[in-house]
Amino acid sequence: MAESLLRVLVVDDEAPARRRLRDLLDDCSAALPLAVVGEAQHGREALDLLQSAPADLVLTDIHMPDMDGIEFARHLLKFPHPPVVIFTTAFHEHAVQAFEVNAIDYLMKPVRVQRLLGALQKVPRLKPVSAEKLSQLASCARRFLSVTERSRVVLVPIDEIVYLKAELKYITIRTAQREYLLEESLTKLEAEFGSRFIRVHRNCLVARSFIRGFERRVNDDGDSHWEVLLTGVEETLPVSRRQQFIVRDVGRETAA
Amino acid sequence: MKLPAVPDPRNLGTILRTIVAVNAAAALYALARAGGAAGALVEWSRATAVLEPYLFLVLAILWALGPWLVRQPFRLAAGIIALVVVLVGIGLFAVMQYLDPQPAANLLLWLVWGLVAAGGLLYFFQLRSRALSPAISEARLQALQARIRPHFLFNSINAVLSLMRSDPKRAEIALQDLADLFRVLMRDNRDLAPLADEVELCRQYLELEQLRLGERLQVDWNIKSMPPDALVPPLMLQPLLENAVYHGIEPSSAIGVVSINLFLTRGEVHAILRNPYRAEGGSHHSGNKMALANIRERLALHYDAEASLESRVTKDSYEVHIRVPYRTAGPDRAADAHARAQGASHASHREVGRGSFERGLLPKGLRLVPREVAHG
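Sequences listed follow chains A and B, in order. So the first sequence is numbered by my numbering: it starts at 12 and just counts up by one. So the second sequence is numbered by my numbering: it starts at 172 and just counts up by one.
Take a look at the structure:
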């Protein structure tokens, strides 16, 4: 491993910051064989890039548009061989505190070449930060959910999700176009996305913005229950007896 | 000189000081009358039996009048306080005479004591507020000085570092801008300064931001009808632009425009700043609110009710509107400021709509243009 080339991806929304890191990496390359495989302006672009140009190390800023560094690192874990992530930050007191507490590697901008070299030399011994820790660092909910399909990472924008349904080991993500399978916990998703989704059943969260209405159904036994009608999706979802109150609550909201 | 208004009768400090002072005076009086510690206690308790209801009744009535009273001119308010003291004195005296007629009691003496106490206390509060008020407002102004985000400082230094190797000249100018910016931020900013200076500061700030954000940040200056000599609180606009960049430009990778409109109309200077509004971002509101409250408070300290600051959110933009009265310094300084600002607005005119950062990076920075105009 020591002789092999270290492949590095640089992610920062500010062009001067990317250039500075490239200059410094250039300086380090004398002491340690490395190659910059690319640059990206934010997490989403970086994920795209990594699908075709794998890297061993990602140096990423935290505060970025479209997808911040923390969310990016969370999606990275879905890769079969996730690269090591080292965060770079200018000054985010809370972020730095969180890194220290969780022993997560970070570099302070402006970065010194000695510090960078030290970090690069540690890379072979570093392990990806756990999803658990990253979710604690996140200051806001993710903008995407990521799923692995044929060893590619696919991003599903949160605002396209119609519902999330737990089935055995997996969660089905339903968008207007198709379904995806996700390995996460419905309870945690509910906590993360809060008011965006509403629980209609023990195993199902529905996006409020996709609820078109409710319909009362009577089955053969004469029992009746409510079904949620959805925008953009033909199927309907049953509302459990325990969650019946949402029919009134959501109905009032949409009326108002 | 305008006399400060009477102390706020609802302020706990005022109430406590009054009670302590009146009771201490009563104790001294008792001590002097009895001529010894033993008799003084009896004398004091006798005196306070009358004094305490009198004092608290007066305080209660003043408390009720409080909000109205503090808004009155000093002389009127002091007269009303004296009137309350006299009326309560007469009323209380009448009640006490009815309950327990004391031959020794003397209405005139009561009222004299009451008025002396009221007058003495008013004088004391007056002295105190005169001693404190400049200190208080100075301390507040200093504390209120808008503080730049450390995030901006470190990112800018990082941007300058990135230029060192490839474009040392640009790095040089950027560092000079940074130095100028911090010179203003760190100096004593209590006095009003010409609007032209503030515009210059904003320009340097935005140039530094463009260095790091590139074409994502576009600036639209509309300052043709700006009164350059108008005096405004320093750092009235820069913190707002910082917010505009932080909340309006940084969260998106799309190109965003920050627009600055400065104009004079009907004796008032208006500043309208607009930036794209992005609904998401949790930290948006707290930081922004702090800057707004800061500027609003400084406007109030300098202009009282004559100035205003309003902010509003439209569908896709965020707008802050500041209005201050048009005031200028003496004729000499005004002319100087005018000349400088003419240069600034002239320069700015060329810039409008032009791509981002070549401008500040010319060897002859924008900053130099106004000075040349002023001296030529």
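Virtual Cβ for every residue (Gly too), placed ideally from N, Cα, C. A quick note: this is a predicted structure, and the numbers were derived from the prediction, not measured.
Item to complete: May I have a chain-ordered list of the beta strand (DSSP E) segments no shorter than 3 residues that lie completely inside the stretch 54-115 of chain A?
Response: Whole beta strand (DSSP E) segments, 3+ residues: 68-72, 95-100.
Item to complete: Measure the C-alpha to C-alpha separation of A:R163 and A:A130 and round it to an integer number of angstroms.
Response: For the purposes of this step, residue 163 of chain A is taken as the residue at position 152 of the first sequence. For the purposes of this step, residue 130 of chain A is taken as the residue at position 119 of the first sequence. Looking at the backbone, the Cα of A:R163 and that of A:A130 are separated by about 28 Å.
Practice prompt. Would you kindly report the start and end of the unbroken beta strand (DSSP E) that includes A:K176?
Written response: Within the first sequence, the letter at position 165 stands for residue 176 of chain A. DSSP places A:K176 inside the beta strand (DSSP E), whose first and last residues are 172-178.
Worksheet item: Hey, how far is the Cα of A:A64 from the Cα of B:R354?
Response: The count along the first sequence starts at 1 and reaches residue 64 of chain A at position 53. The count along the second sequence starts at 1 and reaches residue 354 of chain B at position 183. A:A64 and B:R354: Cα-Cα distance of roughly 46 Å.
Fill in: Residue closest to A:G205, alpha-carbon to alpha-carbon, out of A:R153, A:A101, A:D72, A:V107
Taking the first residue of the first sequence as 1, we reach residue 205 of chain A at position 194. Answer by Cα proximity: A:R153.
Practice prompt. Check the Cβ-Cβ distances between B:I328 and every residue of chain A, and say whether any is below 8 Å.
Written response: Residue mapping note: residue 328 of chain B aligns to position 157 of the second sequence, counting from 1. Contacts with chain A at 8 Å (Cβ-Cβ) include B:I328.
Fill in: Endpoints, alpha helix (DSSP H) assigned at A:C7
Residue 7 of chain A is absent from the model: chain A starts at 12 and stops at 267.
Worksheet item: Among the residues of its own chain, which have a CB less than 8 Å from the CB of A:I169, if the five just before and after it don't count?
Response: As a first step, residue 169 of chain A is located in the first sequence; it is residue number 158 there, counting from the start. A152, R153, R154, F155, L156, F204, R207.
Worksheet item: Over what stretch of residues does the beta strand (DSSP E) that includes B:D391 continue unbroken?
Response: Stepping through the second sequence from its first residue, residue 391 of chain B is reached at position 220. From DSSP, the beta strand (DSSP E) with B:D391 extends over 388-393.
Worksheet item: Smallest Cα separation from B:L199: which of B:M407, B:T219, B:G184, B:L356?
Response: Counting from one through the second sequence, the residue named residue 199 of chain B turns up at place 28. That would be B:T219, whose Cα lies nearest to the Cα of B:L199.
Discussion item. Relative to the C-alpha of A:L241, which candidate in A:D24, A:A187, A:A84, A:Q108 has its C-alpha closest?
Written reply: Counting from one through the first sequence, the residue named residue 241 of chain A turns up at place 230. The residue with the shortest Cα to Cα distance from A:L241 is A:A187.
Worksheet item: Under a Cβ-count criterion, where at least 16 other Cβ atoms within 10 Å of its own Cβ denotes burial, should B:W284 be classed as buried or exposed?
Response: In the second sequence, residue 284 of chain B corresponds to position 113, counting from 1. Classification of B:W284: buried, given that the 10 Å Cβ count is 16 or more.
Practice prompt. Under 7 Å between beta-carbons, which chain B residues line up against A:Q52? List them in chain order, please.
Written response: For the purposes of this step, residue 52 of chain A is taken as the residue at position 41 of the first sequence. Those within 7 Å of A:Q52 in chain B are S424.
Worksheet item: Any idea what DSSP makes of B:N432, helix, strand or coil?
Response: If you number the second sequence from 1, residue 432 of chain B lands on position 261. In the structure shown, B:N432 sits in a strand (DSSP, three-state: E or B).
Worksheet item: Looking at the C-beta of A:D170, does it have a partner C-beta in chain B at a distance below 8 Å?
Response: Counting from one through the first sequence, the residue named residue 170 of chain A turns up at place 159. Under the 8 Å criterion on CB atoms, A:D170 is classed as non-interfacial with respect to chain B.
Worksheet item: Below 8 Å, can you find three or more Cβ-Cβ pairs linking the stretch 431-448 of chain B to the stretch 381-394 of chain B?
Response: Contact check between the stretch 431-448 of chain B and the stretch 381-394 of chain B: three or more CB pairs, one atom from each, fall below 8 Å, which counts as touching.
Practice prompt. Can you give me the start and stop residues for the beta strand (DSSP E) that A:T235 sits inside?
Written response: Here residue 235 of chain A corresponds to residue number 224 of the first sequence, with the count starting at 1. For clarity, residue 235 of chain A is Ser in the given sequence; the question names Thr instead. Counting along the chain, the beta strand (DSSP E) containing A:S235 begins and ends at 235-241.
Worksheet item: Which chain A residues sit within Cβ distance under 9 Å of B:P244?
Response: Within the second sequence, the letter at position 73 stands for residue 244 of chain B. Those within 9 Å of B:P244 in chain A number zero; the least Cβ separation is about 48 Å.
Worksheet item: Which one of B:R336, B:P405, B:N326 has the shortest CA to CA distance from B:M357?
Response: As a working note, residue 357 of chain B is residue 186 in the second sequence. Closest option to B:M357, Cα to Cα, is B:P405.
Worksheet entry | Spatially closest choice to A:E82 from A:L36, A:Q147, A:R126, by CA coordinates | Locating residue 82 of chain A in the first sequence gives position 71, where the first residue counts as 1. Restricting attention to A:L36, A:Q147, A:R126, the CA atom closest to the CA of A:E82 is found in A:Q147.
Worksheet entry | Candidates B:N360, B:R361, B:S327: closest to B:A345 by CA position | For the purposes of this step, residue 345 of chain B is taken as residue 174 along the second sequence, with counting starting at 1. The shortest Cα separation from B:A345 among B:N360, B:R361, B:S327 belongs to B:S327.
Item to complete: Verify whether the separation of the beta carbon atoms of B:V259 and B:V229 is less than 8 Å.
Response: In the second sequence, counting from the first residue as 1, residue 259 of chain B sits at position 88. In the second sequence, counting from the first residue as 1, residue 229 of chain B sits at position 58. Taking a C-beta distance under 8 Å as the contact criterion, B:V259 and B:V229 qualify as a contact pair.
Fill in: Opening and closing residue of the beta strand (DSSP E) in which A:R163 lies
Sequence index remark: in the first sequence, residue 163 of chain A carries index 152 (1-based). First-last of the beta strand (DSSP E) with A:R163: 163-168.
Worksheet item: Considering B:M357, what are the terminal residues of the alpha helix (DSSP H) in which it resides?
Response: Here residue 357 of chain B is taken as the residue at index 186 of the second sequence, counted from 1. Per DSSP, the unbroken alpha helix (DSSP H) holding B:M357 starts and ends at 339-357.
Worksheet item: At what residues does the beta strand (DSSP E) containing B:P447 begin and finish?
Response: Position 276 of the second sequence holds residue 447 of chain B. Looking at the DSSP string, the run of the beta strand (DSSP E) that includes B:P447 is 439-447.
Fill in: Closer than 8 Å to chain A by CB, B:T436
Reading the second sequence from its first residue, position 265 is the one you call residue 436 of chain B. No, B:T436 lies away from the interface with chain A (no Cβ there is under 8 Å from its Cβ).
Discussion item. Can you pull the chain B neighbours of A:K120, defined as C-beta to C-beta under 8 Å?
Written reply: As a first step, residue 120 of chain A must be located in the first sequence, where it is residue number 109. Residues of chain B passing the Cβ test: F325, N326, N329.
Practice prompt. Measure how close the beta-carbons of A:V173 and A:V244 come, nearest whole angstrom, since I'm counting them as under 8 Å.
Written response: Position 162 of the first sequence holds residue 173 of chain A. Position 233 of the first sequence holds residue 244 of chain A. Rounded, the Cβ-Cβ distance is 5 Å, consistent with contact.
Discussion item. So, under 8 Å CB-CB, B:L263 and B:P180 are touching, yes? Tell me the CB distance rounded to an integer number of Å.
Written reply: Here residue 263 of chain B is taken as the residue at index 92 of the second sequence, counted from 1. Here residue 180 of chain B is taken as the residue at index 9 of the second sequence, counted from 1. Their Cβ separation, rounded to whole angstroms, is 19 Å, which puts B:L263 and B:P180 out of contact at 8 Å.
Worksheet item: Leaving out five residues before and five after B:R383 in sequence, what residues of the same chain have Cβ atoms less than 6 Å from its Cβ?
Response: Counting from 1 along the second sequence, the entry for residue 383 of chain B is found at position 212. Excluding the 5 residues flanking it on each side, B:R383 has same chain C-beta neighbours closer than 6 Å at N326, A330, in chain order.
Practice prompt. With DSSP as the reference, label B:V259 as helix, strand or coil.
Written response: Walking along the second sequence from the start, residue 259 of chain B turns up at place 88. Helix at B:V259.
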